[in-house]
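Q: Right, I'll just put the structure down here and ask away after.
Number of protein chains: 2
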Amino acid sequence: MDTRDRILDLAAGAKKAAGEMRSVDTARKNAALSMIAEALEADAAAIAAANAEDVAEAGKNGLAPAMVDRLTLTPSRFKSMVDGVRHVANLPDPTGETIWRREMPSGIAIEKRREPFGVVAVVFESRPNVLVDTAALCLKTGNAIILRGGKEAIRSNVALAKSVRRALASVGLPENAVSLVDFPGHEAVTELVRAVGLVDVAIPRGGERLIRAMCEAALVPVLKHYKGVCHIYVDDKADLEMALSILDNAKVQRPSACNAAECLLVHKGIADAFLPKVEEWAKRRGVTLHDDGAGVEYLSLDLNVATVSGCREAIEYVNRNGSHHSDAIVTADAERAAEFLRDVDSACVYHNASTRFTDGAEFGMGAEIGISTDKLHARGPMGLEELTTYKYVVRGDGACRN
Amino acid sequence: MDTRDRILDLAAGAKKAAGEMRSVDTARKNAALSMIAEALEADAAAIAAANAEDVAEAGKNGLAPAMVDRLTLTPSRFKSMVDGVRHVANLPDPTGETIWRREMPSGIAIEKRREPFGVVAVVFESRPNVLVDTAALCLKTGNAIILRGGKEAIRSNVALAKSVRRALASVGLPENAVSLVDFPGHEAVTELVRAVGLVDVAIPRGGERLIRAMCEAALVPVLKHYKGVCHIYVDDKADLEMALSILDNAKVQRPSACNAAECLLVHKGIADAFLPKVEEWAKRRGVTLHDDGAGVEYLSLDLNVATVSGCREAIEYVNRNGSHHSDAIVTADAERAAEFLRDVDSACVYHNASTRFTDGAEFGMGAEIGISTDKLHARGPMGLEELTTYKYVVRGDGACRN
């Protein structure tokens, strides 16, 4: 079989499994998640051995140390992956929920009901734990998942998928609710995102290049964020101590996160007072300041700094150079804050708070499958609810339309 | 300028207008809609003259009579178009609405707030009234709209857009909130749906060929339904009189609608009793019955008929051959109804009611911009709420993440 046929075959199996998952109640889904956590623990040694082979091979192939690090399933990463599955089991199940109900004068009763999508395709890169994290979220919402990981993690992914699928089978659920693309080739990704009617939505978990390639090829909808170029605008009405503490949190706490700040905008009226403090802070914290980095996603201890004439110019700067992810204003002026919050066209807008809060857990969603800078369906952190669609269920007593 | 530059130029203007529309309150948007209705009435003669030229030209070019009919803006169609604008002015404005609000232990207050998309691109075919209908819905939700109609309606569309834009300017709103692509060429559509960062969502209003071409080229999200292949499944526990009346409504009332029934599925246990009634009905109503039309969208007085062994086979038939639009079961058996409603993977599923109810007004949404068979963002009828996205507005008092 060529790649296209293999993918369509796999996707047809996932679609069938999704049809069966539709009638599985929450208790059975939770039992399956518990069983997956147990199976992973039981298979820990085999999984570790497979991962060690991947890591050794990556070393031989001269993979960058950062990549090898991501690939490595340390005991603590393994534990938090398994804990994550148990955590998802404890979260509320959004499917089946009634969004609204209406009785119409025509004689029909309409229920707008939350439903699984069907088949979710997740394409990810080095980190093998993404396989388990995303499978748990999809299973909880009654979806089947097709996973396609990086070729450097293939042994780890095969071992993890085997464990998860055996757990599903042991509780009488379809194994194909979790399917792994276990053969190489980039055409597999292309075929996945073109499998209209079999794949309902694709979610990339990786770098900008992967995401752009997927979107370029896609015929099925893709939920994504390309990158996070987040701004902190410090207004001339800001408490400068607060501004510095928010900047420190947003830049330094985890520079590699997509919700870390990449650009500081300073109102020109306070530039003389504030910029020396920023320089002192940067020196102390090892941050390199730039003045030519508009729109750059550093993901490191680098920060672009620019002055603006006021709130309006800050809004325009953010909308022009940002990535519509997370942007903050620090000010004591309520009107300017309202203007910034209204006119900045980003998924998450902050007043006197750090952009680092953009996260499913911090937003009270329990867990997240990713963050979206799209405007359709899901914007910002995507939790369980964002892994569902809805359906209109209409009941009548022979009702016909006039 | 080439087509790409012209479209990017137009889209940049629309994006700027969208930024301004964001701060326009509901009262001003409603005033603008009233002014548009007045302007259209004032310009009725000029619009009629432009439309007459289009119709005359279409006649000369030998356009099919059905196409010429769609193109014609009769006085009654003109009136209902203008009434539609006033109706939208009277509907509630979903933007600015708080979807939920949470105070987190970390010290942040999160508001999930409904927001305009920004720029909506609508590509339509012959009917010029679509320009005004969709512009009114987009303006009400604070969106800018870029319209691209059929070349056979170009004079009508230019006249309508001129009237609408003058009305916007007269109340101090940006004219470019309603922009018309007034130059020919299919590349214009391609460039529109590839204008990432300028166009937020594209909505086709036309036939399946147009929609497929748009989706194939698109890099921006497209909200759509390809077609409506709706089923009526008559169970052996059905009230046969009710079944016949629902079938009659679903097939005959408006056969050209996407929510009209195209296929009747009959439980084999009642085939001998029911099919003669269906044949008699078909003869009386001028309906032609087929036995080889699985998956066909007739849009005419034609109906595919098949027998199935029971509810499960009916569900599988619908999921395999249908278009995930609207499908009905007629039965007095509550369990089978629940199974059908749960397992048929369509936007709207009906129990003892006609599929013809799939419509924004019938669902209590007031108006609709279209119907979606997608599962992301909007499924089924799309009203004003479906023309919005949301944004997380987060407030703190210097809150930083631990």
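Residue numbers (the numbering used here), protein chains in the order written: chain A, 21 to 422; chain B, 21 to 422. Heads up, the beta-carbon is just placed ideally off N, CA and C, and yes, glycines get one too.
1. In angstroms, rounded to a whole number, what distance separates the CA positions of residue 94 of chain A and residue 415 of chain A?
2. Is residue 111 of chain B helix, strand or coil by DSSP?
3. Have a look at residue 381 of chain B and residue 355 of chain A and give me their C-alpha separation to the nearest angstrom.
4. In chain A, which residues lie less than 7 Å from residue 220 of chain B when you measure between Cβ atoms?
5. Does any CB atom of chain A fall closer than 7 Å to the CB of residue 363 of chain B?
6. Determine the chain B residues that contact residue 137 of chain A at a beta-carbon separation under 9 Å, and present them in chain order.
7. Less than 7 Å separating the beta-carbons of residue 37 of chain A and residue 197 of chain A?
8. Quick check on the DSSP output: the beta strand (DSSP E) that includes residue 419 of chain A runs from which residue to which?
9. What's the gap between the Cα of residue 59 of chain B and the Cα of residue 149 of chain B?
10. What does DSSP give as the partner residues of residue 132 of chain B in its beta bridges?
11. Please classify residue 103 of chain A as buried or exposed, where buried requires at least 16 neighbouring CB atoms within 10 angstroms.
12. Is there a Cβ from chain A that is less than 7 Å from the Cβ of residue 420 of chain B?
13. Closer than 8 Å by beta-carbon distance: list the chain A residues that pair up with residue 239 of chain B, in chain order.
14. What does the alpha-carbon distance come out to for the pair residue 21 of chain A and residue 31 of chain A?
15. So residue 323 of chain B packs on residue 281 of chain B, CB below 8 Å; how close in whole Å?
16. If we count the other Cβ atoms within 10 Å of its Cβ and call it buried at 16 or more, is residue 194 of chain A buried or exposed?
17. Around the C-beta of residue 219 of chain B, are 16 or more other C-beta atoms found within 10 angstroms, so that it is buried, or is it exposed?
18. Got a sec? Which residues, its chain only, sit under 7 Å from residue 66 of chain B by beta carbon, not counting five neighbours each side?
19. Checking the sheet assignment: what are the DSSP bridge partners for residue 368 of chain B?
20. Going by C-alpha to C-alpha distance, which of B:393, B:127 and B:375 sits closest to residue 421 of chain B?
21. Which bits of chain A does residue 39 of chain B rub up against, with CB to CB less than 8 Å?
22. Kindly list the residues whose CB is nearer than 8 Å to the CB of residue 338 of chain B, restricted to its own chain and excluding five residues on each side of it in sequence; keep chain order.
23. Note down the Cα distance separating residue 158 of chain B from residue 119 of chain B, rounded to an integer number of angstroms.
24. Between residue 231 of chain A and chain B, is there a C-beta pair that is closer than 7 Å?
25. Tell me the rounded alpha-carbon separation between residue 290 of chain B and residue 130 of chain A.
26. Quick one: residues in its chain with C-beta nearer than 6 Å to the C-beta of residue 378 of chain A, no 5 flanking neighbours on either side, listed in chain order?
27. Within the same chain, show all residues whose beta-carbon is closer than 8 Å to that of residue 79 of chain B, passing over the 5 residues directly before and after it, in chain order.
28. Determine the chain B residues that contact residue 253 of chain A at a beta-carbon separation under 9 Å, and present them in chain order.
29. What runs of the alpha helix (DSSP H), each 4 residues or longer, lie entirely inside the segment 186 to 247 of chain A?
30. Taking Cβ-Cβ distances shorter than 9 Å, what residues in chain A pair up with residue 415 of chain B?
31. How would you call residue 161 of chain B, buried or exposed, if buried means at least 16 neighbouring beta carbons within 10 angstroms?
32. Just to confirm my understanding: we take residue 55 of chain B, look at its own chain, exclude 5 residues before and 5 after, and list those with CB closer than 7 Å. What are they?
33. Tell me, please, whether the CB atom of residue 402 of chain A is closer than 7 Å to any CB atom in chain B?
34. Just checking, does the segment 206 to 214 of chain A make contact with the segment 308 to 326 of chain A on the three C-beta pairs under 8 Å criterion?
35. Counting only beta-carbon atoms, is residue 196 of chain B nearer than 7 Å to chain A?
36. Taking all protein chains shown into account, do 16 or more other C-beta atoms lie within 10 angstroms of the C-beta of residue 269 of chain B, making it buried, or fewer, making it exposed?
A: Let's see:
1. If you number the first sequence from 1, residue 94 of chain A lands on position 74. If you number the first sequence from 1, residue 415 of chain A lands on position 395. Between residue 94 of chain A and residue 415 of chain A, the C-alpha separation is close to 53 Å.
2. Within the second sequence, the letter at position 91 stands for residue 111 of chain B. In this structure, residue 111 of chain B counts as coil in the three-state DSSP scheme.
3. One-based indexing of the second sequence puts residue 381 of chain B at position 361. One-based indexing of the first sequence puts residue 355 of chain A at position 335. Pairing residue 381 of chain B with residue 355 of chain A, the inter-Cα distance amounts to about 39 Å.
4. Here residue 220 of chain B is taken as the residue at index 200 of the second sequence, counted from 1. In chain order: 395.
5. In the second sequence, residue 363 of chain B corresponds to position 343, counting from 1. Taking Cβ atoms only, chain A reaches closer than 7 Å to residue 363 of chain B, which makes this a yes.
6. On the first sequence, position 117 is the one that residue 137 of chain A refers to. Contact note: residue 137 of chain A reaches chain B through 395 and 396, using a C-beta cutoff of 9 Å and chain order.
7. Your numbering for residue 37 of chain A matches position 17 in the first sequence. Your numbering for residue 197 of chain A matches position 177 in the first sequence. A contact, by the Cβ cut-off of 7 Å.
8. As a working note, residue 419 of chain A is residue 399 in the first sequence. 408 to 419 is the span of the beta strand (DSSP E), which, as asked, contains residue 419 of chain A.
9. If you number the second sequence from 1, residue 59 of chain B lands on position 39. If you number the second sequence from 1, residue 149 of chain B lands on position 129. One C-alpha to the other measures close to 15 Å.
10. Along the second sequence, one-based indexing puts residue 132 of chain B at 112. DSSP lists B:120 and B:412 as the beta-bridge partner residues of residue 132 of chain B.
11. In the first sequence, counting from the first residue as 1, residue 103 of chain A sits at position 83. Here residue 103 of chain A is exposed, its C-beta having fewer than 16 other C-beta atoms within 10 Å.
12. Within the second sequence, numbered from 1, the residue matching residue 420 of chain B stands at position 400. Chain A places a beta carbon closer than 7 Å to that of residue 420 of chain B, counting this residue as a contact.
13. The residue you call residue 239 of chain B lines up with position 219 of the second sequence. In chain order: 235 and 236.
14. Taking the first sequence and counting its residues from 1, the one referred to as residue 21 of chain A is at position 1. Taking the first sequence and counting its residues from 1, the one referred to as residue 31 of chain A is at position 11. Cα-Cα distance, rounded: 14 Å.
15. The residue given as residue 323 of chain B occupies position 303 in the second sequence. The residue given as residue 281 of chain B occupies position 261 in the second sequence. Residue 323 of chain B to residue 281 of chain B, Cβ: 7 Å. Contact.
16. Stepping through the first sequence from its first residue, residue 194 of chain A is reached at position 174. Within 10 angstroms of the beta-carbon of residue 194 of chain A lie 16 or more other beta-carbons, which makes it buried.
17. One-based indexing of the second sequence puts residue 219 of chain B at position 199. By the 10 Å Cβ count, residue 219 of chain B comes out buried.
18. Mapped onto the second sequence, residue 66 of chain B falls at position 46. Excluding residues within five positions, the ones whose Cβ falls inside 7 Å are 179.
19. Translated into the one-based positions of the second sequence, residue 368 of chain B becomes position 348. Answer by DSSP bridge pairing, in chain order: A:412 and B:346.
20. As a working note, residue 421 of chain B is residue 401 in the second sequence. Taking only the C-alpha atoms, the option nearest residue 421 of chain B is B:127.
21. For the purposes of this step, residue 39 of chain B is taken as residue 19 along the second sequence, with counting starting at 1. By Cβ distance, chain A contributes 339, 363 and 365.
22. Numbered from its first residue, the second sequence carries residue 338 of chain B at position 318. Excluding positions up to five away in sequence, the list reads 251, 253, 285, 347, 364 and 366.
23. Position 138 of the second sequence holds residue 158 of chain B. Position 99 of the second sequence holds residue 119 of chain B. Rounded to the nearest whole angstrom, the CA to CA distance from residue 158 of chain B to residue 119 of chain B is 20 Å.
24. As a first step, residue 231 of chain A is located in the first sequence; it is residue number 211 there, counting from the start. Answer no: the Cβ-Cβ gap between residue 231 of chain A and chain B never drops below 7 Å.
25. Position 270 of the second sequence, counting from 1, holds the residue named residue 290 of chain B. Position 110 of the first sequence, counting from 1, holds the residue named residue 130 of chain A. Approximately 29 Å between the Cα atoms of the pair.
26. Walking along the first sequence from the start, residue 378 of chain A turns up at place 358. Answer for residue 378 of chain A: 279, 346 and 368, listed in chain order.
27. Working through the second sequence from its first residue, we reach residue 79 of chain B at position 59. Here residue 79 of chain B has 88 as same chain residues with Cβ atoms under 8 Å from its own Cβ, once five neighbours each way along the sequence are excluded.
28. To locate residue 253 of chain A, count along the first sequence from 1; it is residue 233. The contacting residues do not exist; residue 253 of chain A stays about 14 Å from chain B at best.
29. Restricted to the segment 186 to 247 of chain A, the alpha helix (DSSP H) segments that are unbroken, complete and at least 4 residues in length are 207 to 212 and 228 to 237, listed in chain order.
30. The residue given as residue 415 of chain B occupies position 395 in the second sequence. Residues of chain A passing the Cβ test: 357, 361, 370, 371, 372 and 373.
31. Stepping through the second sequence from its first residue, residue 161 of chain B is reached at position 141. Label assigned to residue 161 of chain B: buried.
32. If you number the second sequence from 1, residue 55 of chain B lands on position 35. Hits under 7 Å: 187, 190 and 191.
33. Your numbering for residue 402 of chain A matches position 382 in the first sequence. In terms of beta-carbon proximity, residue 402 of chain A stays away from the interface with chain B, with every pair separated by 7 Å or more.
34. Below 8 Å, too few C-beta pairs join the segment 206 to 214 of chain A and the segment 308 to 326 of chain A to call them touching: fewer than three.
35. In the second sequence, counting from the first residue as 1, residue 196 of chain B sits at position 176. The Cβ of residue 196 of chain B sits no closer than 7 Å to any Cβ of chain A.
36. As a first step, residue 269 of chain B is located in the second sequence; it is residue number 249 there, counting from the start. Flag for residue 269 of chain B reads buried.
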